[in-house]
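Q:
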Amino acid sequence: MTSDTRKDAVPGPGPRRADAHAFHALHHNPGRPLLLPNAWDSASAAALAAAGHAAIGTTSLGIAAAHGHPDGEGLPAVRAATLALARRLAGRLPCPYTVDIEGGFGGRPGQVAELAAELADCGASGINLEDGLPGGGGLQDPSRQAELIAAVKERVPDLFLNARTDTHWLVDTPPPLSQALARAETYLAAGADGIFVPGVTADADITVLVREIAAPLNILFTPGRHTVRRLADLGVRRISTGSLLFRTALGAACAAADALRTGPVPPYGMDDAPAYGEVQHLAGDVAAGSRGTTDKAGQRGGDPTARPR
Numbered sequence: 003m004t005s006d007t008r009k010d011a012v013p014g015p016g017p018r019r020a021d022a023h024a025f026h027a028l029h030h031n032p033g034r035p036l037l038l039p040n041a042w043d044s045a046s047a048a049a050l051a052a053a054g055h056a057a058i059g060t061t062s063l064g065i066a067a068a069h070g071h072p073d074g075e076g077l078p079a080v081r082a083a084t085l086a087l088a089r090r091l092a093g094r095l096p097c098p099y100t101v102d103i104e105g106g107f108g109g110r111p112g113q114v115a116e117l118a119a120e121l122a123d124c125g126a127s128g129i130n131l132e133d134g135l136p137g138g139g140g141l142q143d144p145s146r147q148a149e150l151i152a153a154v155k156e157r158v159p160d161l162f163l164n165a166r167t168d169t170h171w172l173v174d175t176p177p178p179l180s181q182a183l184a185r186a187e188t189y190l191a192a193g194a195d196g197i198f199v200p201g202v203t204a205d206a207d208i209t210v211l212v213r214e215i216a217a218p219l220n221i222l223f224t225p226g227r228h229t230v231r232r233l234a235d236l237g238v239r240r241i242s243t244g245s246l247l248f249r250t251a252l253g254a255a256c257a258a259a260d261a262l263r264t265g266p267v268p269p270y271g272m273d274d275a276p277a278y279g280e281v282q283h284l285a286g287d288v289a290a291g292s293r294g295t296t297d298k299a300g301q302r303g304g305d306p307t308a309r310p311r
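If you want the working numbering, it's the position in the sequence shown, counting the first as 1, plus 2.
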């Protein structure tokens with residue numbers, strides 16, 4: 003597959019949301035990839051938006067785990083939690099957001115398209131749709147995955163559909179890149195707007211994917227292997243954090259609790275935790291549907307140092 007004008011073409015504004023065109027455009031800035039932090043609830047989404055990120059994603063692992071379920075199983079409960087979060091964010095963030103819907107939660111093409119339409123009506127500017135089968139049962143047949151993609155794009159044409167292929171994700175021995183490239187070509191022909199290949203970390207492999215895929219390439223950030231600057235130099239257009247922030251938050255919470263239990267010295271970083279009042283304001287912004295600007299501390303009045311009740 004060779005590059006063509008599709009890689010840099012930006013669609014016109016869609017009929018559903020003012021953010022849709024802006025979100026598409028964020029994928030088409032050579033040398034300035036979209037760094038997409040992934041939230042797991044309304045508080046994390048509001049905090050990341052208040053920190054000035056250009057767009058917010060959701061993490062399926064974070065949403066599933068926060069509700070007591072495993073990721074990647076296509077569970078109805080996780081589908082419901084995902085849609086509920088999108089509804090809570092409807093019109094309430096100062097930036098576009100995109101939603102991870104696993105593999106469509108096991109739905110037929112029409113059902114997945116209906117879910118995408120519901121998310122678009124909530125205000126989502128994009129979705130992430132993977133070809134890994136529920137429960138780690140291998141990969142979806144590419145022609146079947148293409149049917150899901152085509153159904154979504156026919157129903158919601160302005161929604162940015164990031165087509166994820168799991169050829170290199172959670173495998174002991176990665177296959178040749180040609181397998182990811184073949185799936186990418188099929189998914190783009192079905193209407194996908196971008197391609198996500200998690201698990202690819204080597205510069206040489208990323209270079210091949212950028213060169214051969216005629217659409218914005220999304221890479222999953224891997225600590226210790228990647229920097230944003232290097233991925234930008236390689237031509238990556240979107241960098242996702244996936245579940246990294248959620249897992250980091252869990253680790254930080256456990257580390258802080260352990261440090262409090264074992265010694266009199268407050269754990270490192272605890273002084274940097276958001277104040278009670280700050281989180282109250284962030285939550286209030288989301289609950290009230292505010293889309294105005296929020297300063298660095300997320301404060302809109304009141305005392306951010308107020309003690310919790």
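Heads up, the beta-carbon is just placed ideally off N, CA and C, and yes, glycines get one too.
Go through its chain and collect everything with a Cβ distance to Leu190's Cβ below 6 Å, but skip five positions before and after it.
A: In the sequence shown, the residue the question calls residue 190 occupies position 188. Counting only Cβ-Cβ distances below 6 Å, and skipping sequence neighbours, we find Ala217.
Q: Here's a check: name, in chain order, each residue in its chain whose Cβ is nearer than 8 Å to the Cβ of Ala153, leaving out the five neighbours to either side.
A: On the sequence shown, residue 153 is found 151 positions in, with the first residue counted as 1. Contacts found: Pro111, Gly112, Val114 and Ala115.
Q: Helix, strand or coil: which one does DSSP assign to Asp235?
A: For the purposes of this step, residue 235 is taken as the residue at position 233 of the sequence shown. In the structure shown, Asp235 sits in a helix (DSSP, three-state: H, G or I).
Q: Here's the rule: buried if 16 or more other CB atoms are within 10 angstroms of the residue's CB, otherwise exposed. What is Ala204?
A: The residue labelled residue 204 in the question sits at position 202 within the sequence shown. So Ala204 ends up on the exposed side.
Q: For Pro72, which residues in the same chain have their Cβ closer than 8 Å to its Cβ, ignoring the five residues on either side in sequence?
A: Along the sequence shown, read from residue 1 onward, the residue named residue 72 stands at position 70. Excluding residues within five positions, the ones whose Cβ falls inside 8 Å are Ala66.
Q: Would you mind sorting Ala275 into buried or exposed? The rule is 16 or more other CB atoms within 10 Å of its CB.
A: By 1-based counting over the sequence shown, the position of residue 275 is 273. So Ala275 counts as exposed.
Q: Looking at Leu284 and Ala52, is the spacing between their C-beta atoms short of 8 Å?
A: The residue you call residue 52 lines up with position 50 of the sequence shown. The residue you call residue 284 lines up with position 282 of the sequence shown. Yes, the pair counts as a contact, with Cβ atoms nearer than the cut-off.
Q: Under the three-state reduction of DSSP, which class applies to Ala20: helix, strand or coil?
A: Taking the first residue of the sequence shown as position 1, residue 20 is located at position 18. In this structure, Ala20 counts as coil in the three-state DSSP scheme.
Q: Is DSSP giving Asp274 helix, strand or coil here?
A: Here the question's residue 274 lines up with position 272 in the sequence shown. Assigned with DSSP and collapsed to three states, Asp274 falls in helix.
Q: Give me the Cβ distance between Thr100 and Ala126, rounded to the nearest whole Å; I'm assuming they're in contact under 8 Å.
A: The residue you call residue 100 lines up with position 98 of the sequence shown. The residue you call residue 126 lines up with position 124 of the sequence shown. Thr100 to Ala126, Cβ: 6 Å. Contact.
Q: The alpha helix (DSSP H) that contains Val114, what's its start and end?
A: Here residue 114 is taken as the residue at index 112 of the sequence shown, counted from 1. It spans Pro111 to Cys124 - the alpha helix (DSSP H) in which Val114 sits, taken as one unbroken run.
Q: At which residues does the beta strand (DSSP E) containing Val101 begin and terminate?
A: Mapped onto the sequence shown, residue 101 falls at position 99. According to the DSSP assignment, Val101 belongs to the beta strand (DSSP E) that extends over Tyr99 to Asp102.
Q: I think Leu1 touches Asp168, with their Cβ atoms under 8 Å apart; what is that distance to the nearest whole Å?
A: Look at the range of the chain in this structure, 3 to 311, and you will see that residue 1 is not part of it.
Q: Please report how far the alpha carbon of Gly134 lies from the alpha carbon of Gly105, in whole angstroms.
A: Numbered from 1 along the sequence shown, position 132 holds the residue referred to as residue 134. Numbered from 1 along the sequence shown, position 103 holds the residue referred to as residue 105. Counting only the Cα atoms, Gly105 lies some 7 Å from Gly134.
Q: Give the single residue among Ala22, Ala148, Ile208 and Ile221 whose Cα lies nearest to the Cα of Glu187.
A: Taking the sequence shown and counting its residues from 1, one reaches residue 187 at position 185. Taking only the C-alpha atoms, the option nearest Glu187 is Ala148.
Q: With respect to the beta strand (DSSP E) encompassing Thr60, which residues constitute its N-terminal and C-terminal limits?
A: Numbered from 1 along the sequence shown, position 58 holds the residue referred to as residue 60. That run of the beta strand (DSSP E) goes Ile58 to Thr60.
Q: Touching or not, the region 248-257 and the region 227-235, by the rule of three or more beta carbon pairs under 8 Å?
A: no
Q: Name the residue from Arg157, Ile221 and Asp21 whose alpha carbon lies nearest to the alpha carbon of Pro39.
A: By one-based count along the sequence shown, residue 39 stands at place 37. Ranking Arg157, Ile221 and Asp21 by Cα distance to Pro39 puts Ile221 first.
Q: Tell whether a beta-carbon distance below 8 Å holds between Ile197 and Ile215.
A: By 1-based counting over the sequence shown, the position of residue 197 is 195. By 1-based counting over the sequence shown, the position of residue 215 is 213. Taking 8 Å as the Cβ cut-off, Ile197 and Ile215 qualify as a contacting pair.
Q: Throw me the rounded Cβ distance for the Ile129 and Leu161 pair, which I believe falls under 8 Å.
A: Here residue 129 is taken as the residue at index 127 of the sequence shown, counted from 1. Here residue 161 is taken as the residue at index 159 of the sequence shown, counted from 1. Sure, about 6 Å apart at Cβ, within 8 Å.
Q: Can you tell me the Cα-Cα spacing of Ala194 and Gly286, whole angstroms?
A: In the sequence shown, residue 194 corresponds to position 192, counting from 1. In the sequence shown, residue 286 corresponds to position 284, counting from 1. C-alpha separation (whole angstroms): 36 Å.
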